Structures are given as C-alpha cells and as structure tokens.
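Numbering (the numbering used here), first residue to last: 109 to 189. Here a beta-carbon is modelled for each residue, glycine too, at the ideal position from N, C-alpha and C. All figures in this text were calculated on a predicted structure; none of them were measured in a lab. Everything on this sheet refers to the single structure shown next.
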C-alpha cells in the first residue's frame, strides 16, 4: 500500500540528513523507524498510565493545592520567626 504524506520543510530536511548520513538507506526507512519509535512511546505512556491507576487512591487537585498553600503558610511563618 502506498501512502503520500506531506512533511514540513524542517521534517523533510531531517529525513534527508538521516539518509545522507548513511544511518538510513531510504526516506521510507527513516519514516518507518520514526513510526516504530512512536508506537514504543505510546506503549510506554499506556504502561505509565495504568501503573498510575493502580498506584492507590487519588486525591483531587483542589486537595493538592490546599495542602500546598497550607505548607507554604507554615514555611513563611517559620521564616518570619
């Protein structure tokens, strides 16, 4: 299956540099490698998200900011002494 994609000038330059350097034999190889890395990155993010879901109970952002404000107040109070 053949697909046509449009790259930005910066992306096209990077692909061409990779081929010229000898690191890749073709533009297709560069794009294929990039897509493989994207898949690996997506798997990594999914694993991290699942780990976070199973790491225990969550607390709301409001609670976090409330605790941070209280901690900041205590620190300012200690510094004023």
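Q | Classification of residue 172 by the beta-carbon crowding that lies within 10 angstroms, buried from 16 upward | A | In the chain shown, residue 172 corresponds to position 64, counting from 1. It is exposed - the Cβ of residue 172 has fewer than 16 other Cβ atoms within 10 Å.
Q) Terminal residues of the continuous alpha helix (DSSP H) containing residue 153? A) Mapped onto the chain shown, residue 153 falls at position 45. Residue 153 -> alpha helix (DSSP H) spans 135 to 161.
Q: Would you kindly check if the distance between the Cβ of residue 138 and the Cβ of residue 121 is under 9 Å?
A: Here residue 121 refers to the residue found at position 13 when the chain shown is read from its first residue. Here residue 138 refers to the residue found at position 30 when the chain shown is read from its first residue. No, these two residues do not count as a Cβ contact at 9 Å.
Q | Start and end residues, alpha helix (DSSP H) containing residue 185 | A | As a working note, residue 185 is residue 77 in the chain shown. 169 to 188 is the extent of the alpha helix (DSSP H) around residue 185.
Q: In the DSSP assignment, find the unbroken alpha helix (DSSP H) run with residue 115 in it and report its ends.
A: For the purposes of this step, residue 115 is taken as the residue at position 7 of the chain shown. Taken as a continuous stretch (DSSP letters only), residue 115 belongs to no alpha helix (DSSP H), as it is neither H nor E.
Q) Can the beta-carbon of residue 135 be found closer than 9 Å to that of residue 123? A) Indexing the chain shown from 1 puts residue 135 at position 27. Indexing the chain shown from 1 puts residue 123 at position 15. It is a contact, given that the beta carbons lie within the stated cut-off.
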